[in-house]
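Only one structure is covered here, and it is reproduced in the block below.
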Amino acid sequence: MSDAAFQSEFLKTMQARGYIHQITHPAELDVAARTGVVTAYIGFDATASSLHVGHLIQIMMLRRLQQAGHKPIVLMGGGTTKVGDPTDKDGQRPLLTDAQIQGNISTIKGTFQKFLTFGDGPTDAAMVNNDDWLSKFGYVQFLRDYGVHFTINRMLAFDSVKNRLEREQPMTFLEFNYMLMQSVDFLELARSHGCVLQMGGSDQWGNIVNGVELIRRVDQKAAFGLTTPLLSTASGQKMGKTVGGAVWLNADMRSPYDYWQFWRNTEDADVGRFLRLFTDLPLDEIARLEALPGAEINDAKKVLANEATRMLHGADAASRAAAGAQDVFERGTLSAELPVVEVSKAEFPDARTTATLVKEAGLAASLGEARKLIANGGVAINDQRMTTDDKHTYDQLLPDLQAFKVQVGKKKIVLVKPT
RNA sequence: GGGGGAAUGUCCCGAGUGGCAAAGGGGGGGGACUGUAAAUCCCCUGCUGUAAUGGCUUCGUAGGUUCGAGUCCUACUUCCCCCA
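Now the structure itself:
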């Protein structure tokens with residue numbers, strides 16, 4: 001992919017900021033993006049009630065597209081989610097009910113409004129749901145209209161299928177059809193919206209190429225595919241997994257404070273890359289930030305955290321998160337941004353033990369785990385490191401908050417408030 | 001329809017053929033060193049618990065043999081491979 005000299009603003013930006021892994025017809029796409037409005041889409045399946053940071057690079061691509069004067073389409077996979085994408089999976093996942101899928105779509109939708117401008121204008125973003133067309137096909141009609149264009153020989157060669165077979169993991173016929181459905185999506189959007197480009201993660205390459213070829217073969221129209229590199233951290237971890245599990249984008253599943261923390265904890269070597277991908281800062285400013293020596297790189301991480309949090313949760317939430325972080329980590333004081341867990345005094349009328357507090361704070365799954373943390377020196381109550389499972393009476397509550405400050409490790413702090 | 005194999009600590013991979021709470025990895029968690037980073041080193045990783053050579057629950061499911069079963073027997077379930 002050494003398509004060094006792109007002419008279009010869109011592809012130049014995409015290239016410079018590190019979004020491009022593969023493109024199907026780079027030169028042609030470059031011309032299209034330079035001479036007119038390109039309509040492009042990315043599909044998102046509704047497998048959870050929120051998207052997570054793993055989706056963020058895709059969302060940002062749509063944002064870059066719109067910024068460059070083109071038209072983004074968000075495709076909600078209401079129909080494809082019913083089947084389940086087999087890519088990168090060892091086996092069939094439990095199937096979601098229609099109601100679950102509908103629920104997930106409704107809670108996911110809002111995220112896109114933070115990043116894109118929706119409307120009826122020529123470059124306004126649109127949102128569609130592939131259930132609208134996929135669920136209308138009859139089986140025989142679908143096979144006759146689209147099945148004829150796919151050979152099993154070829155489908156078996158795609159990684160998503162091949163890996164399963166090589167690993168001797170079963171792949172059901174249901175999953176096998178996912179690829180066709182995604183190809184039909186692209187064709188449908190090409191016809192109804194003049195969509196010419198599908199983007200996605202590198203694992204979607206096979207699915208995307210199939211759609212491109214379907215359009216070129218059936219409608220003899222230009223169609224393109226573009227994939228992003230697989231995002232991992234510099235030390236090889238899959239991006240987005242942290243102490244608290246997945247990094248959700250919905251505020252009710254991961255607070256702005258925690259979201260800010262996620263970005264603040266970026267590895268040194270990733271700061272520049274993430275600034276380019278996940279903020280709108282100009283490239284020269286990013287170059288300056290990532291060149292900061294030694295511990296000063298922390299300032300770049302704060303900028304990253306501020307910008308990323310602001311884009312998703314708004315300026316107020318971002319500055320509160322930043323101020324909270326300053327209180328907690330730089331001044332060692334309390335912050336209203338810390339999560340609060342309310343517990344009942346009734347069960348323990350006199351006092352709570354350290355282990356009980358840790359468990360109730362949600363920082364340990366069981367009392368045994370909490371005790372191990374204490375034994376390892378990982379627990380502090382009200383900033384006092386605990387080495388034994390002591391009792392804490394309620395007159396030891398922090399006076400201003402009427403709560404215990406429960407800390408596990410360096411970064412996990414919860415206020416436990418008995419009521 | 002016939003034959004052969006496989007399911008292990010509910011995150012994953014994977015040893016284990018009568019004494020096993022079950023080797024070893026990975027992942028995860030804690031500590032030390034630092035800069036709320038990485039790398040490195042140490043510890044932990046079934047539940048419960050007066051941290052007891054304690055109790056309880058684990059090796060696909062259900063029974064059986066045995067003082068004792070992940071390990072042996074029977075049936076069943078699911079998956080893989082080969083033959084038809």
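Under the working numbering, the first residue of the first sequence carries the number 1, and numbering increases by one thereafter.
Just so it is clear, CB atoms sit at the ideal spot from N, CA and C, and this is done for glycine as well.
Please state whether the Cβ-Cβ distance between residue i and residue j is less than 7 angstroms.
i, j, result
"R276", "R17", "yes"
"E9", "A68", "yes"
"V303", "L312", "no"
"F186", "H25", "no"
"Y139", "V184", "no"
"A75", "V128", "According to the sequence displayed, residue 75 carries Leu and not Ala. Contact flag set, yes."
"W248", "A305", "no"
"V328", "L363", "no"
"N130", "T80", "yes"
"T309", "D203", "no"
"I101", "A48", "no"
"V406", "A361", "yes"
Around the C-beta of residue i, are 16 or more other C-beta atoms found within 10 angstroms, so that it is buried, or is it exposed?
i, result
"E337", "buried"
"D30", "buried"
"L156", "exposed"
"D120", "exposed"
"I413", "buried"
"K301", "buried"
"P418", "buried"
"T387", "exposed"
"K410", "exposed"
"Q182", "buried"
"I152", "exposed"
"S192", "exposed"
"S135", "exposed"
"D252", "exposed"
Could you round the C-beta distance between residue i and residue j to whole angstroms and report it? I think they count as a contact, below 8 angstroms.
i, j, result
"I374", "A355", "6 angstroms"
"L357", "H392", "7 angstroms"
"T233", "G201", "Not confirmed; about 16 angstroms, so no contact."
"D316", "I297", "Contact doesn't hold; Cβ gap of about 27 angstroms is too wide."
Which residues mark the beginning and the end of the alpha helix (DSSP H) in which residue i is found?
i, result
"R213", "For the sequence presented, residue 213 should be read as Glu rather than Arg. Run containing E213: W205 to V218, per the alpha helix (DSSP H) assignment."
"F142", "Y139 to D145"
"T151", "Taken as a continuous stretch (DSSP letters only), T151 belongs to no alpha helix (DSSP H), as it is neither H nor E."
"A370", "L367 to A375"
"K392", "Note that residue 392 corresponds to His in the displayed sequence, not to Lys. Premise fails: H392 lies in the beta strand (DSSP E), K391 to T393, not in any alpha helix (DSSP H)."
"E175", "F173 to F176"
For the beta strand (DSSP E) containing residue i, name the first residue and the last one.
i, result
"Y19", "That residue, Y19, is in no beta strand (DSSP E); it is neither H nor E in DSSP."
"P418", "K412 to P418"
"M199", "L197 to G201"
"A126", "A126 to N129"
"E342", "V340 to V343"
As a quick exercise: from the options, pick the residue whose alpha carbon is nearest that of residue i.
i, options, result
"S160", "N207, F137, F118 and L96", "N207"
"A436", "V53, T47 and M60", "Examination of residue 436 is not possible in this model, given that the chain is present from 1 through 419 alone."
"P72", "F142, L56, I23 and A125", "A125"
"L292", "L283, V271, E307 and P122", "V271"
"V218", "P229, H149, L134 and I297", "H149"
"E307", "L231, P256, N250 and A5", "P256"
"L231", "F44, H55, V379 and A32", "H55"
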